[in-house]
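Heads up: the structure comes next, in structure tokens.
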Amino acid sequence: MSAYETADLTSVSKTMLLTLHARAEHTLSDRPRFTDPAAVELVSRLDYDFTMARQDRLMADGVVLRTLTLDPLVAGYLATHPGCTVVNMACGLDTRFQRLDDGHVTWYDLDLPDVIELRRRLLDDSERHRTIAASALDPDWPDQLGEGKAGGNVSNDALVIVEGLSMYLEQNEMRSLMEIIAARLPGATVLIEVMPRMFQKYGRERSVEDAGVRYTYGCSSAAEFRRTVAPGYTLLHDVPFTRTVARYHPLLAPLTRMPLVDRLAERIVVLRAPA
Ligand SMILES: C[S@@+](CC[C@H](N)C(=O)[O-])C[C@H]1O[C@@H](n2cnc3c(N)ncnc32)[C@H](O)[C@@H]1O
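Numbering of the sequence shown is given in the working numbering, commencing with residue 1 and proceeding in unit increments.
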């Protein structure tokens, strides 16, 4: 077999191939704003028809924007918490570890068992980079943290990344995930991508629809997210993707500050779990 099979993946897990392709394609573009050679290599090794991923500009541009938003937040955390632990929920074939590894972080990539099985065939685990095969909603996944870290206490300086997952959950599942993190990683910092409710209800991304999935959860502000699914958490930052747009296109900055535009923006909500 020349390429790795993807046919057995569930619909929602196939979406990881779309996001992977978006990062690989951006890397190969004329003037990339980030590069991800590991993503390029992974795409070349997979048996998957990426035609829809190539045609869906809305999806691809959104993934580039969220990478440009999240990467500096994660890099900033690593710089200020040397030797910390990162848990990347719903990792898919994400290669943020390869992009941002500072030589000290212990990084766990978690996804459903089928995905992790495929991932392990393509990418090796190592002492500081491990995979966890579990649902994010399984309250026992935190048992697998700390195994690679000599005497490590993962909770004090843990960073949890939830990228590309919340929109596929129900609101009660989103709340359960936040409860698991709070119970098992007290004081952890959580970076979570949240889709605006308007887009969740009426937005369409052709490649995602083609994969057979629909969006089930959206929320239109960081404050509402904290109040409805993360009570007890402290809201640290609200980082709408429009801020990243303004960073690269200063002329659009006044537009991105308008309240209506803010409510329609995808965002990273940054919270601290109760200690
Ligand atoms: C859009 S992909 C995002 C992948 C990756 N975060 C990225 O940005 O490339 C959605 C991912 O969520 C994973 N997923 C869906 N439900 C999950 C669950 N309950 N627990 C863990 N992962 C889940 C899928 O398997 C898939 O890899």
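We treat Cβ as the ideally placed atom computed from N, Cα and C, and that holds for glycine.
A quick note: this is a predicted structure, and the numbers were derived from the prediction, not measured.
Please report how far the alpha carbon of Leu297 lies from the alpha carbon of Thr234, in whole angstroms. Past the edges of the chain, shown from 1 to 275, lies residue 297, and the structure says nothing about it.
Taking 8 Å as the threshold (C-beta atoms), are Cys219 and Val194 in contact? Counted from its first residue, the sequence shown places residue 194 at position 194. Counted from its first residue, the sequence shown places residue 219 at position 219. Cβ atoms of Val194 and Cys219: closer than 8 Å.
Would you kindly work out how many angstroms separate the C-alpha atoms of His81 and Ala188, rounded to a whole number? As a working mapping, residue 81 is identified with position 81 in the sequence shown. As a working mapping, residue 188 is identified with position 188 in the sequence shown. Using only the alpha carbons, I get a separation of about 12 Å.
Should Thr228 go down as buried or exposed, given a rule of 16 or more other Cβ atoms within 10 Å for buried? Taking the first residue of the sequence shown as 1, we reach residue 228 at position 228. With fewer than 16 other Cβ atoms within 10 Å, it is exposed.
Where DSSP assigns a beta bridge to Pro240, which residues make up the other side? The residue given as residue 240 occupies position 240 in the sequence shown. According to DSSP, which records beta bridges pairwise, Pro240 is partnered with Arg267.
Under 8 Å between the Cβ atoms of Ala273 and Pro186? By 1-based counting over the sequence shown, the position of residue 273 is 273. By 1-based counting over the sequence shown, the position of residue 186 is 186. Yes, the pair counts as a contact, with Cβ atoms nearer than the cut-off.
Leu65 lies in the alpha helix (DSSP H); which residues open and close that run? Position 65 of the sequence shown, counting from 1, holds the residue named residue 65. Its alpha helix (DSSP H) spans residues Arg57 to Thr80.
Does ligand 1 have a heavy atom nearer than 7 Å to the CB of Leu123? By one-based count along the sequence shown, residue 123 stands at place 123. False, no ligand heavy atom lies under 7 Å from that Cβ.
Could you check whether the Cβ of Met174 sits closer than 7 Å to any heavy atom belonging to ligand 1? Here the question's residue 174 lines up with position 174 in the sequence shown. Incorrect: Met174 has no Cβ contact closer than 7 Å to ligand 1.
How do the region 106-114 and the region 126-138 stand: do at least 3 beta-carbon pairs fall below 8 Å, yes or no? yes
Using three-state DSSP, classify His211 as helix, strand or coil. As a position in the sequence shown, residue 211 is number 211, starting the count at 1. It should be pointed out that residue 211 corresponds to Ala in this sequence rather than to His. Coil, per DSSP.
Report all residues from its chain with a CB closer than 7 Å to the CB of Gly212; omit the five preceding and five following residues, and keep chain order. Indexing the sequence shown from 1 puts residue 212 at position 212. Excluding positions up to five away in sequence, the list reads Ser11.
What number of angstroms, rounded off, separates the C-alpha of Pro32 from the C-alpha of Pro259? For this step, residue 32 is matched to residue 32 along the sequence shown. For this step, residue 259 is matched to residue 259 along the sequence shown. One C-alpha to the other measures close to 30 Å.
Output needed for Met174: all residues of its chain with C-beta closer than 8 Å, excluding positions within five of it in sequence on either side, in chain order. Counting from one through the sequence shown, the residue named residue 174 turns up at place 174. Within the same chain, Met174 has close Cβ partners Ser166, Tyr217 and Val229.
Between the CA atoms of Thr95 and Val162 - distance to the nearest angstrom: Looking up residue 162 in the sequence shown gives position 162. Looking up residue 95 in the sequence shown gives position 95. So the two alpha carbons sit approximately 14 Å from each other.
Reduced DSSP secondary structure (H/G/I, E/B, other) of Leu110: Translated into positions along the sequence shown, residue 110 becomes position 110. Leu110 falls in the strand class under three-state DSSP.
Please classify Gly103 as buried or exposed, where buried requires at least 16 other C-beta atoms within 10 Å of its C-beta. Indexing the sequence shown from 1 puts residue 103 at position 103. Under this definition Gly103 is an exposed residue.
Can you tell me whether Ser13 sits near ligand 1, meaning its C-beta is under 7 Å from at least one heavy atom of the ligand? Taking the sequence shown and counting its residues from 1, the one referred to as residue 13 is at position 13. Yes - ligand 1 has a heavy atom lying nearer than 7 Å to the Cβ of Ser13.
On the DSSP bridge list, what partners appear for Asn88? For the purposes of this step, residue 88 is identified with residue 88 of the sequence shown, where counting begins at 1. DSSP lists Asp109 and Ile161 as partners of Asn88.
On the criterion of 16 or more Cβ atoms from any shown chain inside 10 Å, does Ala60 qualify as buried, or is it exposed? Here residue 60 refers to the residue found at position 60 of the sequence shown. By the 10 Å Cβ count, Ala60 comes out buried.
Enumerate, from N- to C-terminal direction, the unbroken alpha helix (DSSP H) stretches of 4 or more residues contained entirely within the region 19-63. 37-45 and 51-55
I need the DSSP call for Ser126, collapsed to helix, strand or coil. Numbered from 1 along the sequence shown, position 126 holds the residue referred to as residue 126. Strand at Ser126.
How many angstroms separate the CA atom of Thr35 from the CA atom of Leu271? Position 35 of the sequence shown, counted from the first residue, corresponds to residue 35. Position 271 of the sequence shown, counted from the first residue, corresponds to residue 271. Using only the alpha carbons, I get a separation of about 28 Å.
Residues bridged to Asp193 (per DSSP): Walking along the sequence shown from the start, residue 193 turns up at place 193. For the sequence presented, residue 193 should be read as Glu rather than Asp. Ile268, per the DSSP bridge assignment.
When the Cα atoms are used, what is the spatial distance from Ser221 to Arg267? What you label residue 221 is simply residue 221 of the sequence shown in a count that begins at 1. What you label residue 267 is simply residue 267 of the sequence shown in a count that begins at 1. About 8 Å.
Okay, do the region 85-93 and the region 14-22 touch, 3+ Cβ pairs below 8 Å being the bar? yes
Would you grab the beta carbon distance between Val74 and Leu42 for me? Rounded to a whole angstrom, and I think it's under 8 Å. Residue mapping note: residue 74 aligns to position 74 of the sequence shown, counting from 1. Residue mapping note: residue 42 aligns to position 42 of the sequence shown, counting from 1. That pair is no contact at about 19 Å.
Out of Arg184, Leu46 and His21, point me to the one whose CA is closest to Arg317's CA. What is shown of the chain runs 1 to 275, which leaves residue 317 out entirely.
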